[in-house]
Amino acid sequence: TQTVIEEEILWLFDSPPQYEHEGRRAPKIRENVSAVVANQTSFSALCNTGELWTWGDERFPHCLGRNVNDKSPARIPAKPEYFNQLPTGPIKKVSSGGYVTGALTVGHDLYVWGIHPVLDLRGDPSPVDLDGADFEDFAIGNDHVLALTTDGKLFVVGLGSNGQLGRKVDRLDDWNEVCLTLGEGQRITEVHAGYKSSFIIVE
Numbered sequence: 011t012q013t014v015i016e017e018e019i020l021w022l023f024d025s026p027p028q029y030e031h032e033g034r035r036a037p038k039i040r041e042n043v044s045a046v047v048a049n050q051t052s053f054s055a056l057c058n059t060g061e062l063w064t065w066g067d068e069r070f071p072h073c074l075g076r077n078v079n080d081k082s083p084a085r086i087p088a089k090p091e092y093f094n095q096l097p098t099g100p101i102k103k104v105s106s107g108g109y110v111t112g113a114l115t116v117g118h119d120l121y122v123w124g125i126h127p128v129l130d131l132r133g134d135p136s137p138v139d140l141d142g143a144d145f146e147d148f149a150i151g152n153d154h155v156l157a158l159t160t161d162g163k164l165f166v167v168g169l170g171s172n173g174q175l176g177r178k179v180d181r182l183d184d185w186n187e188v189c190l191t192l193g194e195g196q197r198i199t200e201v202h203a204g205y206k207s208s209f210i211i212v213e
């Protein structure tokens, strides 16, 4: 599947622009699309309104964060029902890697879903709870996840044989804080993840 954002409208290129599924015209994502992320089996599109659409491989329904059935097949974009009414507002960021996707709300809550060798995930999005911390940013790599709290603390979990966890370990089964030596007055403002790498921005 190929995707492109043109005038903030998402177009899919693995089928005609207007195709039908069982006699019903497939929905188009005509809200203003601000971001599209992909992992091994699924795509997620975030709109400026905070709405999220997911679609992908029907063999991996857990990676879509929504129910997959005849009326809502995996290959057609649809909104995960879980995010219809979030307690801390709409979604402001999505990240995806491996078989996992995550979403961060404007109220600093973090949700993840999919299939992961360490995290205990289900098909429905699961909130991340680190002693009630609020989250400022997050990023998902192939098998690791980074989470930045609003008070500047960096937490990591997952596989780390390539050093992507910032610790000399091959695996972390629980969230662990990574304490970095920063300059006076500096703090972490953003986190990013590659396939088996991690990046932070400090200001």
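One rule links them: number in the numbering used here = place in the sequence shown (from 1) + 10.
All C-beta atoms in this analysis are idealised placements derived from N, C-alpha and C, irrespective of residue type, glycine included.
Given Val-155, which residues of its chain have a CB within under 6 Å of its CB, disregarding the five upstream and five downstream residues? If you number the sequence shown from 1, residue 155 lands on position 145. Contacts found: Val-167 and Gly-168.
Can you give, in chain order, each stretch of the beta strand (DSSP E) that sits fully within the stretch 128 to 167 and has at least 3 residues? 145 to 150 and 154 to 159
Roughly how many whole angstroms lie between the Cα atoms of Asn-152 and Gly-108? Walking along the sequence shown from the start, residue 152 turns up at place 142. Walking along the sequence shown from the start, residue 108 turns up at place 98. Going from the Cα of Asn-152 to the Cα of Gly-108 covers about 4 Å.
Is Pro-90 near Thr-115, with beta carbons less than 8 Å apart? For the purposes of this step, residue 90 is identified with residue 80 of the sequence shown, where counting begins at 1. For the purposes of this step, residue 115 is identified with residue 105 of the sequence shown, where counting begins at 1. For Pro-90 and Thr-115, no; Cβs fall outside 8 Å.
Which term fits Tyr-9, buried or exposed, when burial requires 16 or more other beta carbons within 10 angstroms of its beta carbon? With the chain covering 11 to 213 only, the question about residue 9 has no answer from this structure.
Cβ-Cβ separation, Thr-111 to Gly-75 (assumed contact under 8 Å), whole Å: Indexing the sequence shown from 1 puts residue 75 at position 65. Indexing the sequence shown from 1 puts residue 111 at position 101. Confirmed, about 7 Å.
Where do the ends of the beta strand (DSSP E) carrying Ser-54 lie? For the purposes of this step, residue 54 is taken as the residue at position 44 of the sequence shown. 52 to 57 is the span of the beta strand (DSSP E), which, as asked, contains Ser-54.
Using alpha carbons as the reference points, say which of Leu-190, Trp-185 and Gly-176 lies closest to Gly-162. Counted from its first residue, the sequence shown places residue 162 at position 152. It is Leu-190.
Sub-8 Å separation of Phe-145 and Asp-183 beta-carbons: By one-based count along the sequence shown, residue 145 stands at place 135. By one-based count along the sequence shown, residue 183 stands at place 173. In this structure, Asp-183 does not lie closer than 8 Å to Phe-145 by Cβ.
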